[in-house]
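Everything below concerns the one structure shown next.
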Amino acid sequence: GAAKTKLADGKACCDGENVIYRVAGREYSKWEEAVIARDVARAAIRKVAMSYIVEGRKVDNAADVCPTAKAAGKVKFVVGKTTTSCELHARVELAKAQIEAARTASAGEKVATR
């Protein structure tokens, strides 16, 4: 319908026959398949999270990290196997891990290349 055409505007031929949808580096010729791939990628991304170590204790929720401890440099940020005291580095690692999770969520499908 209209939603499909609007999303494709300016990105592909909009006659409904020649649209290619790209999700996480994979190509789909059908809107329904692209939506399923999007949902799979989102679910994979949500599983990737940052945790924290505050004075030797693991904390999973950012709201539970004391701002005073953070300001004093007593917080370590953990993403996967990476542990760092630099929040910016941790956020970059989190983004990379989320991209990798989305990319590999539906392995076995054709990956788009240029």
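No gaps in the numbering here: position 4 of the sequence shown is 5 in this note's numbering, and each next residue is one more.
C-beta: ideal position from N, C-alpha, C; glycine also.
Go to residue i, then tell me how far its alpha helix (DSSP H) extends in each direction, as first and last residue.
{"i": "GLU56", "result": "Looking at the DSSP string, GLU56 is not in any alpha helix (DSSP H), and its letter there is neither H nor E."}
{"i": "VAL66", "result": "Looking at the DSSP string, VAL66 is not in any alpha helix (DSSP H), and its letter there is neither H nor E."}
{"i": "VAL93", "result": "88-105"}
Taking 8 Å as the line, does the beta carbon of residue i fall inside it for any heavy atom of the ligand NAD?
{"i": "ARG23", "result": "Judged by which ligands are present, the structure shown has none, so any question about the ligand NAD falls away."}
With a 10 Å radius around its C-beta and 16 neighbouring C-beta atoms as the bar for buried, classify residue i as buried or exposed.
{"i": "ARG27", "result": "buried"}
{"i": "ALA63", "result": "exposed"}
{"i": "GLU33", "result": "exposed"}
Are any of the Cβ atoms in chain D nearer than 9 Å to that of residue i?
{"i": "ARG58", "result": "The structure shown contains no chain D; it is built from a single protein chain."}
Would you kindly report the start and end of the unbroken beta strand (DSSP E) that includes residue i?
{"i": "VAL36", "result": "Unbroken run through VAL36 is the alpha helix (DSSP H), 32-48; no beta strand (DSSP E)."}
Roughly how many whole angstroms lie between the Cα atoms of residue i and residue j?
{"i": "ARG104", "j": "ARG23", "result": "11 Å"}
{"i": "ALA102", "j": "MET51", "result": "14 Å"}
So does the stretch 82-98 actually touch the stretch 33-42, counting three or more Cβ pairs closer than 8 Å? The stretch 82-98 is not in contact with the stretch 33-42.
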